[in-house]
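One point on numbering: in this note's numbering, the residue at position 24 of the sequence shown is 16, and numbering is uninterrupted.
For every residue, glycine included, the Cβ atom is placed at its ideal position computed from N, Cα and C.
Scroll down for the structure; my scribbles are underneath it.
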Amino acid sequence: MKLEKQLFSGFETCLCFSIRHFRELTQAKDILPIHTTLLGKAFNWAALAVESSGGTNASCLSQLAHCFRLLSVWPKLKLQSLGIEEEKEHEFRQRSELLFDLASDLEPQRQEQKKDDPWRLRERLLLARMAD
């Protein structure tokens, strides 16, 4: 058995890493400095997945959209500590919507899927807590 053999190659590996970090983040009750790092990792791997797929994989685009949507409600002080300008929330939200639209254009049946997965519910709760 070869230990160095990967189960996935290309964008799938990047996508899996992004999802792993994102799902860990959605379990947060309070946003701590470690969570900013998790968001950065989720974002980085999602961007690499989109790049590796050539922007033609709906799952990669959707994952990056989820990261942008979360970034749009991220605490301003934590964004400033990363050097991200204020008032970017609107831009992040628009980017998220654009990426979700692109994913839907690539795979129109995605809109028909149930959206009640446990991780989605945790994401909605986190977004609601952060928007308050």
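> Counting along the chain, where does the alpha helix (DSSP H) carrying P110 start and finish?
Replying inline: As a first step, residue 110 is located in the sequence shown; it is residue number 118 there, counting from the start. Looking at the DSSP string, the run of the alpha helix (DSSP H) that includes P110 is 110 to 123.
> Is A20 helix, strand or coil by DSSP?
Replying inline: As a first step, residue 20 must be located in the sequence shown, where it is residue number 28. Annotated three-state conformation of A20 is coil, per DSSP.
> Does DSSP classify N128 as helix, strand or coil?
Replying inline: Because the chain in this structure spans residues -7 to 124, residue 128 falls outside the shown range and cannot be described.
> What residues in its chain sit with their C-beta under 7 Å from that of A39, if we drop five residues either side in the sequence?
Replying inline: Residue mapping note: residue 39 aligns to position 47 of the sequence shown, counting from 1. Counting only Cβ-Cβ distances below 7 Å, and skipping sequence neighbours, we find L56.
> Just reading off the alpha helix (DSSP H) that L63 is part of, what are its end residues?
Replying inline: The sequence position of residue 63 within the sequence shown is 71, counting from 1. Per DSSP, L63 belongs to the alpha helix (DSSP H) from 50 to 63.
>> Nearest by alpha-carbon distance to Q103: which of P110, L94, L117 is it?
In response: Translated into positions along the sequence shown, residue 103 becomes position 111. Among P110, L94, L117, the Cα nearest to that of Q103 is on L94.
> For K70, which residues from the same chain have a beta carbon less than 6 Å from its beta carbon, with the 5 sequence-adjacent residues on both sides left out?
Replying inline: In the sequence shown, the residue the question calls residue 70 occupies position 78. Cβ within range, chain order: T28.
> Do you know whose CA, among L74, C8, T18, C6, lies nearest D109's CA?
Replying inline: Here residue 109 corresponds to residue number 117 of the sequence shown, with the count starting at 1. Its Cα nearest to that of D109, the residue T18 stands out among L74, C8, T18, C6.
>> By the three-class DSSP mapping on this structure, what secondary structure does E83 have?
In response: Position 91 of the sequence shown, counted from the start, is the residue given in the question as residue 83. Note: E83 maps to helix in three-state DSSP.
> Touch check for the stretch 49 to 66 and the stretch 1 to 15: three-plus C-beta pairs under 8 Å?
Replying inline: Judged by pairs of C-beta atoms under 8 Å, the stretch 49 to 66 touches the stretch 1 to 15, as three or more such pairs exist.
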